[in-house]
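Participant:
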Amino acid sequence: MTSSNQPQGEATLHNEANFRHHTTSLTFSRKEIALVLVDLWDTGFGPEPLTHLGWEAEYNLGKSFCDRAAEIELTRILPLLESCRKNGVAVVHCPSADIAVKHPQWETHATDEDRNPPSSQGESAPPSWPPTEWTSRWRDAHTNLIHTQKWITDYYAHIRPNQNIPEPLRPVDGDLVVTTGNMMHRLLREREIKVLFYCGFATNLCLIFKPGAIQDMYDRGYMPLVVRDATTGSENAETIQEMRITNAFIDQIEILWSYSVTSSDLIEAFESGETFELLCRYLRMNKPMEQ
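Okay, so the sequence shown: first residue is 0 according to numbering that gives the first Met the number 0, each after it adds one.
1) Is it a yes or a no for the region 10-24 touching the region 273-284, going by three-plus beta-carbon pairs under 8 Å?
2) Output the boundary residues of the beta strand (DSSP E) element that contains A355.
3) Output the boundary residues of the alpha helix (DSSP H) element that contains A56.
4) So, with DSSP's three-state summary, where would you put E276?
5) Looking at the structure shown, is P170 part of a helix, part of a strand, or coil, going by DSSP?
6) Apply the 10 Å Cβ neighbour rule to L168 and answer buried if 16 or more other Cβ atoms are within range, or exposed otherwise.
7) Quick one: is N203 buried, meaning 16 or more other Cβ sit within 10 Å of its Cβ, or exposed?
8) Tell me whether the region 27-45 and the region 182-201 touch, counting them as touching only if at least three CB pairs, one residue from each stretch, are closer than 8 Å.
9) Excluding the five sequence neighbours on either side, which residues of its own chain have a C-beta within less than 8 Å of the C-beta of L77, listed in chain order?
10) With DSSP as the reference, label M183 as helix, strand or coil.
11) Enumerate in chain order the residues of its own chain whose CB-to-CB distance from D250 is below 6 Å, with the five nearest sequence positions on each side excluded.
12) Would you mind reading off the limits of the beta strand (DSSP E) that contains H21?
13) Using the C-alpha atoms, what's the distance from H108 back to Q120?
14) So, are the CB atoms of H184 and M216 less than 9 Å apart?
15) Can you list, in chain order, the residues of its chain whose CB lies under 7 Å from that of E273, leaving out five sequence neighbours each side?
16) Going straight from the alpha carbon of H102 to that of G87, what length do you get?
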């Protein structure tokens, strides 16, 4: 079937089969960029579970996910981190707040507001519709189908206090450790940094949606690029073989927020000089580009 404004017999190249990845060469300066490490946890690094609760409690996104993340941390993110420190590229650690505050590099840059963030309670009245009780009931029911309430309670009581950034990737003096998007924005503004290369986990969750992550910093005007071989998503039985969730969310980043790069290209660029060119991938949702 042809659309009413499509001439009969004329084929269109504007269709999904022709939406392909392309690259564009962009120029950056080391002084305007930072490497952002999101939720690098040491879950699964040791030979034994962290606590008496065992593997099920420790591997909250699945043992296969944590094994995959650990391999990426050591083979992709660690060399990239070492290159940043060698070449004077800023490093920002963006773990959850309870893990960030374990590191003195957070305290170095924290303000009184960072230590005691203002509460949002009382700023606006709760919506009158849908009823609050109904909303809480269905959300709790859904959450308890994903993880049981006992699992949630045990995880936050026993696992999280024992988690940390993996030893080889922990902050050193000179790194920035942040707990909120506002703290991150303040520190980047002071350093005139505006381009952020993101690594970490999970691609479909915290890497995009937590404070200081891709969507938050995009909304503030920064350019957030994902290092596509230095992240992985939370997969399931239908997607794990082809890593479909990971790939789909990298495509979404390329469509909605910015570009993707590889860790090897980024390391090579850092080594090439103060100002460098970098091939940045995007997903073109248009007719094929002329060759």
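The C-beta atom is built at its ideal place from N, Cα and C for all residues, glycine as well.
Facilitator: If we stick to the structure as given:
1) yes
2) Here the chain has residues from 0 to 290 only, and residue 355 is not among them.
3) 54-57
4) strand
5) coil
6) buried
7) buried
8) yes
9) P167, L168
10) helix
11) L282
12) 19-28
13) At Q120 the pLDDT is 48, less than 50, meaning the model places this residue with poor confidence; the figure from the coordinates comes in the next sentence. The straight-line gap from Cα to Cα measures roughly 26 Å.
14) yes
15) S28, R29
16) 21 Å
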